[in-house]
Amino acid sequence: LAVEYGCEAPFEVEYHDSIPSTNDRARELAADGATDVVVLADEQTGGRGRLDRAWSSPSGGVWLSVVCRPALAPSRVSLLTIAAGAAACGAVREAGVDARIKWPNDLLVLDPDAERGGRKLAGILTEMEGEAERVSWVISGLGLNANVAGDALPADATSLLVERGGDPVDRRVLVQRVLERFDDLRDDPDAARAAWREHAATLGRRVRVTLPSETIVGEAVDVTDTGALVVDTGAERRIVHAGDCEHLR
Ligand code: BTN
65 LAVEYGCEAP FEVEYHDSIP STNDRARELA ADGATDVVVL ADEQTGGRGR
115 LDRAWSSPSG GVWLSVVCRP ALAPSRVSLL TIAAGAAACG AVREAGVDAR
165 IKWPNDLLVL DPDAERGGRK LAGILTEMEG EAERVSWVIS GLGLNANVAG
215 DALPADATSL LVERGGDPVD RRVLVQRVLE RFDDLRDDPD AARAAWREHA
265 ATLGRRVRVT LPSETIVGEA VDVTDTGALV VDTGAERRIV HAGDCEHLR
């Protein structure tokens, strides 16, 4: 993957054959003042997902973390999650796989027979550090099951390799497309939101969003320019900034 990767993308890339977690390495670089750097690995031995879950990251995937320093208040950082999700989904669809975004950050290949209505192709873990006014750094970590064989995938997951009937994707091109799209969207909330809407599976769906203190059920009608989900419960419109979202049938 390292040798395959070109230099045209707008980020400096630090490549590892194997590393515990690209997000952890990106945190070290961010602490040293780096920006617009990408940590990319073929394999992670301690990949992390949202909600302290482990993230399976065998060789053949695209495991990457982008360090940036946007002029954003912490409350607007989910914009970068939206931008990263839309960028990854656009690149995946260009590779011929019809993935959709489940709010806020999952790329799914929809399948009504799958337990949760789709199989997970990718996820995003956004981490940040900063003050009330402005973040110091943001790390967008993307885990994309690219050339991962079916027997190496977790339950309910899929990969580009599986979806393309065994035809491996060119990861160099894929990574470059993701990064170019992310670079176009990261400073442009309107474009990020429009791209996200274009690829969304969640909008127009009945959803259940689980928050620490309550559960909201209703129709997902929009996403705000800070990446929050707008849910119409019938009685009111709720704006949900973070939470676990399930598509209901
Ligand atoms: C999720 O829970 O859906 C988010 C998964 C994010 C995984 C990626 S892989 C690259 C980066 N490094 C990590 O340890 N996690 C993220």
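full-length UniProt numbering puts the first residue of the sequence shown at 65, with every later residue one more than the last. Ideal Cβ placement from N, Cα and C applies to all residues, glycine included.
Query: For C71, three-class secondary structure by DSSP; Result: Summary for C71: the model assigns pLDDT 49, below 50, so the residue's position carries little reliability; its value from the coordinates is reported in the next sentence. Here C71 sits in coil by DSSP.
Query: Proximity test, N87 beta-carbon vs ligand 1 heavy atom, cut-off 6 Å; Result: yes
Query: Chain D contact for R140 (CB, 7 Å cutoff); Result: Of the chains in the structure shown, none is chain D; there is only one protein chain.
Query: Identified DSSP bridge partners for I203; Result: V131, E191
Query: Selection from H80, T297, A150, H263 that minimises the alpha carbon distance to G125; Result: H80
Query: Cβ shell of P74 (< 8 Å), same chain only, five flanking positions each side left out; Result: D100, L243, E244, D247
Query: Best match in A259, V77, L115 for proximity to A98 [C-alpha to C-alpha]; Result: V77
Query: Beta-carbon contacts of S200 that lie in its chain and below 6 Å, excluding the five residues immediately before and after; Result: E193, G194
Query: Cβ-heavy atom distance, G207 to ligand 1, below 6 Å; Result: yes
Query: Same chain, Cβ closer than 8 Å to V67, five either side skipped, listed in chain order; Result: With a pLDDT of 40 at V67, under the threshold of 50, the modelled position of that residue is not reliable, and no figure is offered here.
Query: C-alpha gap between C71 and T266, whole angstroms; Result: Low confidence applies to C71: its pLDDT is 49, below 50, so where it sits in the model is not reliable enough to give any reading.
Query: beta-carbon G154 near ligand 3 non-hydrogen atom, thresh 6 Å; Result: Of the ligands this structure carries, namely ligand 1, none is ligand 3.
Query: Which listed residue (L275, L185, S129) has its alpha carbon closest to that of A216; Result: L185
Query: Simplified DSSP state of E179, which is helix, strand or coil; Result: coil
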